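Under my numbering, the residues of the sequence shown are numbered 215 to 665, in order. Structure, as structure tokens:
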Amino acid sequence: MDVVAQAIERLAPGVPTRVAVRAAREEIEAVRRAVSRGREAAAPEAIAEAGALRARLVLGDAPRPVINATGVIIHTNLGRAPLSDRALNAVQAAAGGYSDLEYDLATGGRGSRSNHILDVVREVTGAEAALVLNNNAAAVFLALEAHARGREVLVARGESIEIGGGFRIPDILQASGARLRDVGTTNRTRVEDYARAVTDETVAIMRVHPSNFAQVGFTESPDARELASLARERGLLLINDLGSGALLDTSTYGLAREPLIGEALEAGADLVTFSGDKLLGGPQAGVIVGLAEVVAPIARRPLARAFRPDKMTIAGLRATLGHYLRGEAIDQVPVWQMIAAGTDTLQDRAERIIQGTSRLRLVESLAAVGGGSLPGQTLPSLAIEIDGPGNDAEDLAQRLRIAPRPVIGRIQADRVRLDMRTVLPRDDGVLRETLQELCGPRSGQSEPDEG
Ligand SMILES: *Cc1c(COP(=O)(O)O)cnc(C)c1O
């Protein structure tokens with residue numbers, strides 16, 4: 215191991231010894247596992263090189279920026295929504311120095327961090343009151359914890375869902391101390407089903423937007439207004455977890471209609487919850503909007519402090535909401551720029567990227583919004599397809615992933631495809647360089663021997 219560690223230190227000058235030793239140990243362990251599975255042992259130089267790469271990664275920053283060429287706009291594994299330039303600057307300014315986060319510049323006294331954000335949330339959503347937390351999971355949990363601890367909440371069987379990453383509605387309800395009462399059937403639930411399920415113990419009706427799956431066929435779910443009337447008659451809270459929650463209408467862009475936050479409020483929900491980094495296009499956050507008398511007790515719960523957003527989130531969210539206030543979200547918020555981009559624009563950009571590289575060609579593609587919105591819905595798009603002998607698609611995809619700026623594509627019909635709709639225009643130059651390095655005239659004519 216010492217020999218390998220020394221070789222790593224020679225290959226990566228400046229790497230601290232303990233990082234080199236650890237990288238050597240892990241690399242040797244990986245070789246041992248490979249050998250025990252019947253693979254051939256790697257050559258010592260290869261082990262040292264892999265170790266040097268590992269050591270450099272340990273010392274580098276993370277998460278690393280990647281180019282999302284998957285065609286999935288809000289990609290949970292790739293960090294969801296990219297921020298606008300303005301939001302990015304606001305985050306940097308807030309994080310890189312002091313700010314009036316909890317300071318009142320007019321009086322010189324203590325201020326409230328939520329003042330920076332709540333007015334803007336109210337303004338863009340039309341809600342009476344708002345609360346911003348770390349993420350929507352916290353928003354849903356805290357809303358239930360504040361209002362339904364020890365009581366019963368009605369949830370339709372078809373909405374008792376899992377979003378992913380451990381967010382399951384029945385589990386969140388249980389953790390909050392609320393009791394779940396299932397209503398209706400998996401595919402059909404009517405207002406009368408809710409009405410019949412109400413008992414003295416019932417405190418709320420909760421609706422959950424089926425973000426990441428679609429039901430087709432013999433289905434029925436109640437009209438939002440009728441359900442709101444029932445809730446009002448019986449003195450129940452109506453909580454609507456929209457998940458993504460949109461401020462702009464996705465149907466303008468040939469997609470189905472993702473529920474609008476303002477509409478959910480107008481239809482009579484007392485509380486509406488949504489994420490900051492899905493269709494809103496801002497930083498990770500969870501937003502609760504609704505009636506003042508219903509939001510206030512949530513803000514007073516001790517856990518509201520544990521779930522409160524930091525200054526970077528507040529700065530980024532406020533700047534993002536500012537785009538909506540100024541009516542410029544389509545032009546400024548990357549998620550919406552990607553949704554709205556015309557295929558002709560994508561084609562112009564793609565043509566400039568592939569110019570002069572014979573192994574690349576353009577093909578029609580289908581992009582998706584992703585991130586728990588509009589499952590099954592697609593946007594027409596354009597992809598760069600990599601063609602060429604001696605390169606199977608898996609191998610090419612991997613080489614793109616380990617490029618200095620990793621490029622994440624997808625494999626379709628045994629070809630690597632890079633969807634242009636999700637590539638940020640500011641990354642076009644890097645993508646072009648990466649592709650030229652990989653498939654340009656030089657390496658394209660004769661494949662390097664990978665020995
Ligand atoms: C995504 C989602 C959540 C969780 O939101 P996070 O911001 O990821 O915590 C909750 N409910 C629904 C319906 C969702 O789509």
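Yeah, the Cβ is synthetic: ideal placement off N, Cα and C, and Gly gets one too. Here the structure is a predicted model, which is why all the values come from computation and not from measurement.
For K525, the shortest separation between its Cβ and any heavy atom of ligand 1 does not lie below 8 Å.
Here G325 carries a coil assignment [DSSP, helix/strand/coil]. Cα atoms of R365 and L387: separation of roughly 10 Å, rounded to the nearest angstrom. Closest in alpha carbon position to A357, among L452, D407 and A308, is L452.
Those residues whose C-beta sits under 5 Å from the nearest heavy atom of ligand 1 are, from N- to C-terminal order along the chain, N349, N350, A351, I377, H423, S425, D455, G457, S489 and G586.
Bounds of the alpha helix (DSSP H) holding R410 are V405 to A411. Annotated three-state conformation of A226 is coil, per DSSP. DSSP places R395 inside the beta strand (DSSP E), whose first and last residues are R393 to V397. For the pair R224 and A256, the Cα-to-Cα distance works out to about 19 Å. At least 9 Å separates the beta-carbon of T534 from that of H289. Excluding five sequence positions before and after R613, the CB atoms of its chain that fall closer than 8 Å to its own CB belong to L652, given in chain order. R471 sits in coil when the DSSP states are folded into three classes, being neither helix nor strand. The beta-carbon separation of S425 and G379, rounded to 12 Å, does not stay under the 8 Å limit for a contact. Counting only the Cα atoms, L588 lies some 29 Å from E608. DSSP, reduced to helix, strand and coil, places T534 within a helical segment of the structure shown.
Minimum Cα-Cα distance from A237 among the listed residues G398, I222 and E480 corresponds to I222. Below 8 Å, too few C-beta pairs join the segment 278-286 and the segment 475-488 to call them touching: fewer than three. Residues I600 and V630 of the same chain have their beta carbon placed closer than 7 Å to that of L610, with the five preceding and five following residues left out of the count. F355 counts as buried, since no fewer than 16 other beta carbons sit within 10 angstroms of its beta carbon. Around the beta carbon of D275, fewer than 16 other beta carbons sit within 10 angstroms, so the residue counts as exposed.
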